[in-house]
Amino acid sequence: MKLIILDNYSQASEWAAKYIRNRIIQFNPGPDKYFTLGLPTGSTPLGCYKKLIEYYKNGDLSFKYVKTFNMDEYVGLPRDHPESYHSFMWNNFFKHIDIHPENTHILDGNAADLQAECDAFEEKIKAAGGIELFVGGIGPDGHIAFNEPGSSLVSRTRVKTLAMDTILANARFFDGDLAKVPTMALTVGVGTVMDAREQGTVDPAHNSMIQVNYNEKVMILITGAHKAFALYKAIEEGVNHMWTVSAFQQHPRTVFVCDEDATLELKVKTVKYFKGLMLVHNKLVDPLYSIKEKEIEKSQSSKKPYSD
Amino acid sequence: MRGGQVAARAPVIQFTNCRILRGGALLREDLWVRGGRILDPEKLFFEERRVADEQRDCGGCILAPGFIDVQINGGFGVDFSQASEDVGSGVALVARRILSHGVTSFCPTLVTSPLEVYHKVLPQIPVKSGGPHGAGVLGVHLEGPFISREKRGAHPEAHLRSFEADAFQDMLATYGGLDNVRIVTLAPELGHSHEVIRELTALGICVSLGHSVADLGTAEEAVQSGATFITHLFNAMLPFHHRDPGIVGLLTSDRLPAGRRIFYGMIADGIHTNPAALRIAHRAHPKGLVLVTDAVPALGLGNGRHTLGQQEVEVDGLTAYVAGTNTLSGSIAPMDTCVRHFLQATGCSVESALEAASLHPAQLLGLEKCKGTLDFGADADFVVLDDSLHVRATYISVGLCSALTTCLWWG
Chain X
1 MKLIILDNYS QASEWAAKYI RNRIIQFNPG PDKYFTLGLP TGSTPLGCYK
51 KLIEYYKNGD LSFKYVKTFN MDEYVGLPRD HPESYHSFMW NNFFKHIDIH
101 PENTHILDGN AADLQAECDA FEEKIKAAGG IELFVGGIGP DGHIAFNEPG
151 SSLVSRTRVK TLAMDTILAN ARFFDGDLAK VPTMALTVGV GTVMDAREQG
201 TVDPAHNSMI QVNYNEKVMI LITGAHKAFA LYKAIEEGVN HMWTVSAFQQ
251 HPRTVFVCDE DATLELKVKT VKYFKGLMLV HNKLVDPLYS IKEKEIEKSQ
301 SSKKPYSD
Chain L
309 MRGGQVAARA PVIQFTNCRI LRGGALLRED LWVRGGRILD PEKLFFEERR
359 VADEQRDCGG CILAPGFIDV QINGGFGVDF SQASEDVGSG VALVARRILS
409 HGVTSFCPTL VTSPLEVYHK VLPQIPVKSG GPHGAGVLGV HLEGPFISRE
459 KRGAHPEAHL RSFEADAFQD MLATYGGLDN VRIVTLAPEL GHSHEVIREL
509 TALGICVSLG HSVADLGTAE EAVQSGATFI THLFNAMLPF HHRDPGIVGL
559 LTSDRLPAGR RIFYGMIADG IHTNPAALRI AHRAHPKGLV LVTDAVPALG
609 LGNGRHTLGQ QEVEVDGLTA YVAGTNTLSG SIAPMDTCVR HFLQATGCSV
659 ESALEAASLH PAQLLGLEKC KGTLDFGADA DFVVLDDSLH VRATYISVGL
709 CSALTTCLWW G
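Note that the protein sequences, when read in sequence, are chains X and L. Mapping to my numbering: the first sequence position 159 is 159, numbers consecutive. Mapping to my numbering: the second sequence position 369 is 677, numbers consecutive.
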C-alpha cells in the first residue's frame, strides 16, 4: 500500500485530483479505449471533484473517453431527490465537465428487481473491461461504499441494509430527521472493488519515458479526524470484515490519500515512514501532464528522439 | 398556448456562461431549452442520455424571465383605444417593438371609451402566443369606464359609466362581450360593483381596483369579493390617510381572505410616484409589487402631441400630460427603464427588481407555472441583461420554430 499524507484537506484533494489527471492522460484514452473510473460520493471527494472540474475548464483534461461507475445509490429515493447520488454526481461533477451521459453508470435504486440491477451493473463493468482506477472513501465505521461492518470481503454488487452509524452520519443531509434517511442501498461489493484491474494498461508509446510505476488500481480518500480511527483499523490492524476497508491490505495496488488529521490514530512510526516516502510518491503527480501538451506533442511527433 | 407534445428530436440548446434568475436568486447555472420550454438538464442526462445540440455563450450576462407588462395603452404611434379597421397590425407593431424593452408578454390596455370602440376593438385583439414576430398577448386590460368621476385622471368624463341594476349584464353590453379580456379595472364604490366583481372573478378575469375614491373598508370588501390587483398604486385614488388609508391600506390589511395576496401596479418612471412613496409601498409589501409601464402611444416617439383614446396628449421628455393641463396621462418609459429606476430608487436586490417585472405579474394572472419564471417546464421567454440591467437580447419561444434560436440582439 502507498500512504500519501498531505497537510490538509485541500492539499489532499488536489493530490488525488492530480493523480487521477495523470492516470487518465498517461492512459491516452480514445474511442476504442476508454478509461474506466470508479467514483464515490460524500463530502470527502468534493474537493477532488472541484479540482478535476478546474482542470477540465482550463483545457488540461477531458472526460470525453472516460467511463464512470459509481459505487452506490440509495434504494427508494427518487432519482431527482436532492440527496440521491444521481443528484450529487450531476451537481458536483457531471454537469461541469464534458463526459457523455452514456458513459456514466450509477446503480438505479428504484429498479423493479434490485438484485437484477446489481447483477447487470457487474456485467457492465465486465463489458467495459474492468475498472482502471477505483476511487473510494471510508466511513467512520471503516466501510467502503455501503459495505457495512460484517459485509463479506468477497462480496459483489448487491442490496444492503444500512448500519445505524451510517444512518446517523447521513442524517445531516436529511434535515437531521432520522426517519427521512433511506435504510437500504445498492452497493458494489468489496470483491467488486478488489477486482480493479491487475494489469497496467499504460500506453506503450508513453511507457518508455516514465520512471514511476502507474499501477494503482484503488485510491481511497480519507480526510478528517473523525475518520482517523477507521484509518487506523484499516491499515494498522488485521484484515477484518468489521472494518471492510482493511480488505485492501490484500490488494497489490492500493493508495490511501489522507490529511494530517486522518492520521491522528496511527503510530508515529507509521506516519514518519510514509512521510519519508513522499519524495518518491510525489513523482506520481509531478510532472503534471496536460492534454494541451499532447496536442503539441502530436504535431511534433516526427521529431521525437525516443521512438520505438 | 404551446403545443402539447415536445418532439424528442427537437434540438437542445444550452446557454452557458450566465447567471439565471431562479428561486429568487441569481445562480451560476446554464439554461437549457428545447421546443419552446425550459429543460431539466439532469433529466436529459440521466433519462435520455443526451447532450446539448448547440451551446450559446452569454458572456457572463444575467438571464431573467421575459418581462410582462399588464398595463400598456399603446406605443410607437399605435393607440389601442382607437377603433380602427386593422387593430391587429397596431397590436402586432407594439408587440414587436416592446421586445427590445425585454417584454415578452403583455396586456393591451383600453382606457375609458365609447361603446363602439369596445365593440369594434375587443374582437380584434385575441390572446396570442409570442414568437419572433413579437411579444405574446395575454388578454386585454379594460381600464374603465366603470370608474370614479373624481379620480378619472386622463379618462374622458363623457364616457364614464356606473352600473345599472342588472350590473353584470350592463357591463357585458358595454364591452360587447368578455372574450379576450384578462383584467378589468373598476371603482368598487360604484353601486352593484360586488356582483360584477364576483362574476368576473368566477370567469377567471382579474379584477383591479383603480381610479376610485373608495375607503379601505370598501376596498377590503372588494378584495373579499375577488379583486386581486390595484391599478397604478397612489395614482387616481385617495391619498394615504392615517385614519383611513384607502386603497393604499390594502397593502397591509389584515382583512384579506386567508392565503390571498394583493398585487399592485406601480409606474416606476420617476414621474408618477416620488421615489420615497415607491419605497414605502415596496417595503410594506414587496411580494405584491408589479411593475407596469402604463405606456401611451407616444412611447418610442419624440416630444409633441399624440392621441390617447379620445384625448390629446402632450409629451415632453419622459413626461406625458393631457394636452393643456397638468394631469399626467400615462407614461413613456419603457419597461427596462422602469426596472432600472425601480432598482435604483428602492435599493432593492437585482433579483427583486427582476421579479417585480416578471414573476409577480405572472402570479397575478395565475401563469407562474409557464411565465415569469425560468423553472423547468416554463415557456422559454427570457431576456439577457448586463449588470446594469440594460437589455442585450430578448429570446422568445426559443426552439419552437424551425430556426434553432429565436433571438433578437440589441447590442
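All C-beta atoms, glycine included, are put in the ideal place defined by N, C-alpha and C.
| In the DSSP assignment, what residue or residues form a beta bridge with T68 of chain X? | X:L37, X:T104
### Task
Could you pull the start and end residues of the alpha helix (DSSP H) that D478 of chain L belongs to?
475–483
Determine the direct distance from the alpha carbon of N611 of chain L to that of G638 of chain L, and round the result to whole angstroms.
14 Å
Checklist line | Straight-line gap, A592 of chain L to S470 of chain L (C-alpha atoms, nearest Å) | finding: 32 Å
Given a cut-off of 7 Å on the beta-carbon distance, is the pair E503 of chain L and A535 of chain L in contact?
no
Item to check | Pairwise C-alpha distance: L231 of chain X and N22 of chain X | outcome: 26 Å
Any C-beta of chain X under 7 Å from that of R345 of chain L: no
Any idea if M164 of chain X is buried or exposed, counting beta-carbon neighbours within 10 angstroms, 16 or more meaning buried?
exposed
* Asked: Going straight from the alpha carbon of S389 of chain L to that of N381 of chain L, what length do you get?
  -> 7 Å
- prompt: What residues of chain X sit near E350 of chain L, judged by a beta carbon separation below 9 Å?
  reply: R79, D80, H86, S87, W90, N91, F94, K95
Check: Taking only beta-carbon atoms, is I321 of chain L less than 7 Å away from chain X?
Finding: no
Is the stretch 362–369 of chain L in contact with the stretch 345–352 of chain L, if contact means three or more CB pairs nearer than 8 Å? no
**Study point:** Residues within the stretch 100–134 of chain X neighbouring chain L, beta-carbon criterion of under 7 Å
**Key:** H100, P101, E102
Please report the residue range of the beta strand (DSSP E) in which C258 of chain X lies.
254–259
Does K283 of chain X pass the burial test, meaning 16 or more other C-beta atoms within 10 Å, or should it be called exposed?
exposed
| request: Go ahead and pull the three-state DSSP assignment for H550 of chain L. | output: coil
**Prompt:** With 16 other CB atoms within 10 Å as the buried threshold, where does K304 of chain X fall?
**Reply:** Caution applies to K304 of chain X, whose pLDDT of 48 falls short of 50 and renders its modelled position unreliable; the value that the coordinates give is listed next. By the neighbour-count rule (16 or more Cβ atoms within 10 Å), K304 of chain X is not buried but exposed.
Could you give the first and the last residue of the continuous beta strand (DSSP E) run that contains P416 of chain L? 411–418
Original post:
Apart from the five residues on each side of it in sequence, which residues of its chain come closer than 6 Å, Cβ to Cβ, to T581 of chain L?
Top reply: F542
On the criterion of 16 or more Cβ atoms from any shown chain inside 10 Å, does V245 of chain X qualify as buried, or is it exposed? buried
To the nearest angstrom, how far is the alpha carbon of H81 of chain X from that of D113 of chain X? 20 Å
*Since Q619 of chain L is in the beta strand (DSSP E), which residue starts that stretch and which ends it?*
619–624
- Task: Compile a chain-ordered list of the residues in the stretch 354–373 of chain L whose CB is closer than 9 Å to at least one CB of chain X.
- Result: F354, E355, E356, R357, R358, V359
_How far does the beta strand (DSSP E) with W15 of chain X in it extend, from its first residue to its last?_
Note, W15 of chain X: premise wrong, no beta strand (DSSP E); alpha helix (DSSP H) at 9–27.
- [ ] State buried or exposed for P605 of chain L, treating a residue as buried only when at least 16 other CB atoms are found within 10 Å of its CB.
- [x] buried
Worksheet item: So A372 of chain L is in the alpha helix (DSSP H); what residue range does that whole segment cover?
Response: Here A372 of chain L belongs to no alpha helix (DSSP H); instead the beta strand (DSSP E) covers 370–373.
Quick check: H241 of chain X and P140 of chain X, are their CB atoms within less than 7 Å of each other? no
Problem - Spatially closest choice to G617 of chain L from L:V425, L:T645, L:F684, L:S696, by CA coordinates - result: L:V425
Return the CA-CA distance between P373 of chain L and R551 of chain L, expressed in angstroms with no decimal places. 40 Å
(message) What does DSSP give as the partner residue(s) for L186 of chain X in the beta ladder?
(response) X:E73, X:V159
Extract the residue ranges of the beta strand (DSSP E) inside the stretch 570–626 of chain L, only unbroken runs of 3 or more that lie entirely within it.
571–574, 597–599, 612–616, 619–624
For Q322 of chain L, count neighbouring C-beta atoms within 10 Å of its own C-beta (all shown protein chains included) and say buried if the count is 16 or more, exposed if not.
buried
> Do you know how far the Cα of N103 of chain X is from the Cα of C326 of chain L?
Replying inline: 27 Å
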